[in-house]
Amino acid sequence: MVRDKIEIHGAREHNLKDIDLTIPKDKLVVVTGLSGSGKSSLAFDTLYAEGRRRYVGSLSSYARQFLGQMDKADVDSIDGLNPAISIDQKTTSHNPRSTVGTVTEINDYLRLLWARVGHPICPNDGTLIERQSVDQMVKRVLELPERSKIQILAPVIRQKRGMYQEVFKKVARAGFVRLIVDGEMHEVSDEFNLDKNKKHSISIVVDRLIVKDGIKSRLTDSVESALRLSEGYMDVDVIGNQVLNFSEDYACPKCGFTVGEMEPRLFSFNAPFGACEACDGLGMKLAVDEDLVVPDKDKTLNEGAIAPWANSDYYKMMLTQACQSLRINMDKPFKKLTERQKNLVLYGSDKKIKFHLEGDFGVNDTTQAFEGVMNNIDRRYHHPMSQFMREVMGKYMTELTCAVCHGKRLNQKALAVKVMGQDISEVSDLPIGKELTFFKSVKLTEAENMIAKPILKEVIDRLTFLVNVGLDYLTLSRSAGTLSGGEAQRIRLATQIGSNLSGVMYILDEPSIGLHQRDNDRLIASLKKMRDLGNSLIVVEHDDETMKQADYLIDMGPGAGSFGGKVMAAGTPEEVMANPNSLTGQYLSGKKFIPVPTERRKGNGKKITVSGACEHNLKDITVDFPLGKFVVVTGVSGSGKSTLVNTILKRALAQKLNHNSAKPGKFAKITGYKEIEKIIDIDQSPIGRTPRSNPATYTSVFDDIRALFAQTNEAKIRGYTKARFSFNVKGGRCEACHGDGIIKIEMNFLPDVYVPCEVCHGRRYNSETLEVTYHDKNIAQVLDMTISEACEFFEKIPKIHRKLQTIVDVGLGYVKLGQSATTLSGGEAQRMKLASELQKLSTGNNFYILDEPTTGLHVDDIKRLLVVLQRLVDQGNTVLVIEHNLDVIKTADWLIDLGPEGGEGGGQVVVTGTPEHVVECDKSWTGKYLKPVLKRDTERTLQAKNKLS
Numbered sequence: 000m001v002r003d004k005i006e007i008h009g010a011r012e013h014n015l016k017d018i019d020l021t022i023p024k025d026k027l028v029v030v031t032g033l034s035g036s037g038k039s040s041l042a043f044d045t046l047y048a049e050g051r052r053r054y055v056g057s058l059s060s061y062a063r064q065f066l067g068q069m070d071k072a073d074v075d076s077i078d079g080l081n082p083a084i085s086i087d088q089k090t091t092s093h094n095p096r097s098t099v100g101t102v103t104e105i106n107d108y109l110r111l112l113w114a115r116v117g118h119p120i121c122p123n124d125g126t127l128i129e130r131q132s133v134d135q136m137v138k139r140v141l142e143l144p145e146r147s148k149i150q151i152l153a154p155v156i157r158q159k160r161g162m163y164q165e166v167f168k169k170v171a172r173a174g175f176v177r178l179i180v181d182g183e184m185h186e187v188s189d190e191f192n193l194d195k196n197k198k199h200s201i202s203i204v205v206d207r208l209i210v211k212d213g214i215k216s217r218l219t220d221s222v223e224s225a226l227r228l229s230e231g232y233m234d235v236d237v238i239g240n241q242v243l244n245f246s247e248d249y250a251c252p253k254c255g256f257t258v259g260e261m262e263p264r265l266f267s268f269n270a271p272f273g274a275c276e277a278c279d280g281l282g283m284k285l286a287v288d289e290d291l292v293v294p295d296k297d298k299t300l301n302e303g304a305i306a307p308w309a310n311s312d313y314y315k316m317m318l319t320q321a322c323q324s325l326r327i328n329m330d331k332p333f334k335k336l337t338e339r340q341k342n343l344v345l346y347g348s349d350k351k352i353k354f355h356l357e358g359d360f361g362v363n364d365t366t367q368a369f370e371g372v373m374n375n376i377d378r379r380y381h382h383p384m385s386q387f388m389r390e391v392m393g394k395y396m397t398e399l400t401c402a403v404c405h406g407k408r409l410n411q412k413a414l415a416v417k418v419m420g421q422d423i424s425e426v427s428d429l430p431i432g433k434e435l436t437f438f439k440s441v442k443l444t445e446a447e448n449m450i451a452k453p454i455l456k457e458v459i460d461r462l463t464f465l466v467n468v469g470l471d472y473l474t475l476s477r478s479a480g481t482l483s484g485g486e487a488q489r490i491r492l493a494t495q496i497g498s499n500l501s502g503v504m505y506i507l508d509e510p511s512i513g514l515h516q517r518d519n520d521r522l523i524a525s526l527k528k529m530r531d532l533g534n535s536l537i538v539v540e541h542d543d544e545t546m547k548q549a550d551y552l553i554d555m556g557p558g559a560g561s562f563g564g565k566v567m568a569a570g571t572p573e574e575v576m577a578n579p580n581s582l583t584g585q586y587l588s589g590k591k592f593i594p595v596p597t598e599r600r601k602g603n604g605k606k607i608t609v610s611g612a613c614e615h616n617l618k619d620i621t622v623d624f625p626l627g628k629f630v631v632v633t634g635v636s637g638s639g640k641s642t643l644v645n646t647i648l649k650r651a652l653a654q655k656l657n658h659n660s661a662k663p664g665k666f667a668k669i670t671g672y673k674e675i676e677k678i679i680d681i682d683q684s685p686i687g688r689t690p691r692s693n694p695a696t697y698t699s700v701f702d703d704i705r706a707l708f709a710q711t712n713e714a715k716i717r718g719y720t721k722a723r724f725s726f727n728v729k730g731g732r733c734e735a736c737h738g739d740g741i742i743k744i745e746m747n748f749l750p751d752v753y754v755p756c757e758v759c760h761g762r763r764y765n766s767e768t769l770e771v772t773y774h775d776k777n778i779a780q781v782l783d784m785t786i787s788e789a790c791e792f793f794e795k796i797p798k799i800h801r802k803l804q805t806i807v808d809v810g811l812g813y814v815k816l817g818q819s820a821t822t823l824s825g826g827e828a829q830r831m832k833l834a835s836e837l838q839k840l841s842t843g844n845n846f847y848i849l850d851e852p853t854t855g856l857h858v859d860d861i862k863r864l865l866v867v868l869q870r871l872v873d874q875g876n877t878v879l880v881i882e883h884n885l886d887v888i889k890t891a892d893w894l895i896d897l898g899p900e901g902g903e904g905g906g907q908v909v910v911t912g913t914p915e916h917v918v919e920c921d922k923s924w925t926g927k928y929l930k931p932v933l934k935r936d937t938e939r940t941l942q943a944k945n946k947l948s
């Protein structure tokens, strides 16, 4: 009998409360609930973990040793489980060689297409390159300057791994005398012992000649021999000059430009054959950046315009003496110096200058050329006196586009091959939507069409899947490290749709993150397509539309952390809406909602203006950011929101106010920044990278708690200070585990195992420290409290209670005080940072920036978050948020809508103003989707207000 349900009995993973649950198979199932209520524990840590463990358990013991040990989920039984594939947000590669094209494997098909039907065009004269004959090769060699010494080489092995003992024997038997192995000349009689794991090149020296009259016959014989030995390839080593590459395949008859082997690896920037030699296929090179060296060009040299030398008396002395000799006015703003004077300061002069320099090393009198600031930094970075010096100089370095390949990553040979007049890099730089149009319109000869047809089908199918999940604005050349979690997840989703698997259980983690409502319909259609193939989809999601379109909805709750872990409702969306126990159901049905403000703030009348923003797809726009308001930047995915706010505004403000060295994107100027005191970026990066970091230490409330314990009578009698209650230093901590509470046991071939410390039993402190109590609780018991419990426990200690209350206010009352920071999600880390900022006494003149703070948040959590953000604005601060969530957008004082489309079709300001103004703009996609929500919730707000009155 085929089971049509997944039956879970006794699930207790993390905070799950011994739940029993039946989930229908081959359906779109959405798991929702408050943040921390147990959604991921059910979907990922129970269902996926057990599905993967069972699949791996079916493999041979030999295969299992490479996959590591997998723990059994804490569950009594799961019946009807399918093989599981997880598509989460934590799989983005930060390898600079990884791109959208390589991740989706579309690049593999493009490389094959260009190798099979591409036409090489000479970059020098535009001549179509065709195969070379022996006569053409001989003619090219004879054109070398007379008396040139040359070697005719047969490259038998070209960058391949192996020891090649048989090759050496074969060469010796053939009667040749010399070989060039990895660039070094050897006699055939030498003993060779190559490393089989490294790539090697071996060339036979077929003949050695001097170019002169009468060698044509001998040269022809040698060329034919070389081509025969190396299967159509020959190199001519012009002694003391260059190596000419020849092939019977492709070379320009006019200038001799040779493409070489037309194989897929030629078009790979991750292979030495195709990669640009200058940047090794990265498209970028680390170089000294003039904008970082001279961040404020309004300053004079005497005022410290040269940032790296501003605090060095030695280099100030050198600069002063150089400027006196070169006649450069040091009291003139740097931007008003002539181009020649700027170049002399930055790049130095050949003129010999007498320097009298004094420093810690003593007095130095020398006559030498002035090397210039840029050359000085480059030298001190690449040849530093210490690692510290390298790090300091690194602040003035940035990744600049490679001057040789201009960011295309490939060498000249690969870029010479065209399909429909385009090289592979030009096509990869097109937005995916336009690229799909390009491949649908490719015109080839009949023979080429037969070769390209199956390749084009795969490319078009994969591009179509990417368009269907709302990624038509991306390019295949986009670095994978720059993708958001939602984008990376949707790329994997598109890849899975393309695989056409059935009978699989897919687990997804909020695929709608970073997606505009306009593109949500396409995403839901893609999910339904996967379901219709015969797969079970279990999606952890908070998006209203996805929940309403689900076949089955599971609502976890009632609270978060230890207060959650129960199934509050399960059934169709309609059944969940009718269930009074379901908080999600109440929001879906409209019984609960986030109210719309009855008035929009006017602000303080001041503004920050960014002019001439033209980074990435921004179209030279000027944007005003009003101060003293809750401002939200909106727009479809890829419209330029992150570029405008994160790459330009945030970095420009950090540079002006905090003297940060991070270089902003391209813009003309920024004004109004003096109206704010500081910029505070609250992102989703971890609050700590080690298990020692926790909410108590991050928010500094632990200092106050330790001080309180040190004030107890028992602590005073024993002479304990607050340092005694730290688990990071010797004294009070358990020395067996060094205050970690756990001990790592290395298992060689298996993953490391962490076991509770046998001495302190996971409590981190020694027994003497734990004997000190406050209200019958020791320091370890306090760390084990949830923040809500601790807030109540310290109610009579105002300083501690106030700090803990701010964490509760942002919806993190369920987190434990001593919980490891590494276990917090991105959304939880972001709210912890927000709570830390709320604790500080604000002057009311700060500028807060948040990028999609609703990520991972339930609508009830968003309601709490908005209360906190509105409180910040009420204190006179400015809060700027990038957001797609309509509940956040409708509560804003001011909207800045970018678009109208994504990618090249975006980068413009569509409309700015209050939400009421934006919904009236026909060109705004945000306005179109906001209009019904704003109307509905404004009516609800007025009705609720009338009921209260």
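Numbering (numbering that gives the first Met the number 0), first residue to last: 0 to 948.
All C-beta atoms in this analysis are idealised placements derived from N, C-alpha and C, irrespective of residue type, glycine included.
**Request:** Reducing DSSP to helix, strand and coil, say where I376 ends up.
**Result:** helix
**Request:** Could you say which of T474, R408 and K412 lies nearest to K433 if we only look at CA atoms?
**Result:** T474
**Prompt:** What is the C-beta distance between Q874 and G826, in whole angstroms, given that I count them as a contact (C-beta under 8 Å)?
**Reply:** Rounded, the Cβ-Cβ distance is 23 Å, inconsistent with contact.
**Asked** How big is the Cα-Cα spacing for V644 and Y380?
**Response** 31 Å
**Prompt:** Can you name, in chain order, every residue of its own chain whose Cβ lies under 8 Å from the Cβ of L455, other than the five neighbours on each side?
**Reply:** L112, F438 and V441
**Message:** According to DSSP, is E137 part of a helix, a strand, or is it coil?
**Reply:** With the sequence shown as reference, residue 137 is identified as Val, and Glu is not the correct amino acid for it. Three-state DSSP puts V137 in a helix.
**Request:** Compute the Euclidean distance between the alpha carbons of E447 and R115, then round it to the nearest angstrom.
**Result:** 8 Å
**Asked** Grouping DSSP H, G and I as helix and E and B as strand, with all else coil, what is E1016?
**Response** With the chain represented from 0 up to 948, any question about residue 1016 goes unanswered, as that position is not in the structure.
**Same chain, Cβ closer than 7 Å to K315, five either side skipped, listed in chain order** = W308
**Prompt:** Does DSSP classify E900 as helix, strand or coil?
**Reply:** coil
**Asked** Can T101 and H541 be called in contact, C-beta distance under 8 Å?
**Response** no
**Asked** Taking the alpha carbon of K198 as the point to measure from, which residue in I151, G125 and G182 has its own alpha carbon closest?
**Response** Cα-wise, what sits closest to K198 is G182.
**Request:** Look at G273 and L265 and say whether their C-beta atoms are less than 8 Å apart.
**Result:** yes
**Request:** Could you have a look at I105 and say whether DSSP puts it in helix, strand or coil?
**Result:** Helix.
**Prompt:** DSSP beta-bridge partners for N616?
**Reply:** None; N616 has no bridge partner.
**Request:** Name the one or two DSSP bridge partners that Q421 has.
**Result:** V418
**Reference E247; option with closest CA among G231, P694, I149 and K743** = G231
**Asked** With C-beta atoms as the reference, is A153 less than 8 Å away from M233?
**Response** In this structure, M233 lies closer than 8 Å to A153 by Cβ.
**Message:** Here's the rule: buried if 16 or more other CB atoms are within 10 angstroms of the residue's CB, otherwise exposed. What is G303?
**Reply:** exposed
**Message:** Less than 8 Å between the beta carbons of H615 and H883, yes or no?
**Reply:** no
**Prompt:** So does the segment 686-705 actually touch the segment 859-868, counting three or more Cβ pairs closer than 8 Å?
**Reply:** no
**Message:** Is it buried or exposed, F666, if we count other Cβ atoms within 10 angstroms and call 16 or more buried?
**Reply:** buried
**Prompt:** Cα separation between F333 and Y672?
**Reply:** 21 Å
**Request:** Count the C-beta pairs between the segment 497-506 and the segment 122-137 that are closer than 8 Å, then say yes if the count reaches three, no if not.
**Result:** no
**Request:** Would you identify the three-state DSSP class for G761, choosing helix, strand or coil?
**Result:** coil
**Message:** Am I right that D886 and V909 are in contact with their C-beta atoms under 8 Å? What's the rounded C-beta distance?
**Reply:** 21 Å between Cβ atoms; not a contact.
**Asked** Are there 16 or more other CB atoms within 10 angstroms of the CB of S57, so buried, or fewer, so exposed?
**Response** By the neighbour-count criterion, in which 16 or more other beta carbons inside 10 Å mark a residue as buried, S57 falls on the exposed side.
**Request:** Output the boundary residues of the alpha helix (DSSP H) element that contains V55.
**Result:** A48 to G56
**Item:** Alpha-carbon to alpha-carbon, M396 and N375
**Value:** 12 Å
**Prompt:** Under the DSSP definition of a beta bridge, which residues are partnered with M233?
**Reply:** F245
**Prompt:** Are the beta-carbon atoms of S841 and G812 separated by less than 8 Å?
**Reply:** no
**Request:** Enumerate in chain order the residues of its own chain whose CB-to-CB distance from D25 is below 8 Å, with the five nearest sequence positions on each side excluded.
**Result:** D3, R530, G533, N534 and S535
**Reduced DSSP category for A651 - H, G, I as helix; E, B as strand; rest coil** = helix
**Asked** Would you call the segment 291-298 and the segment 402-410 touching, i.e. three or more CB-CB distances under 8 Å?
**Response** no
**Prompt:** Are the beta-carbon atoms belonging to A706 and Y719 less than 8 Å from one another?
**Reply:** The Cβ-Cβ distance between A706 and Y719 does not fall below 8 Å.
**Residue of E165, D194 and V205 minimising C-alpha distance to V176** = If we check each option's Cα against that of V176, V205 comes out closest.
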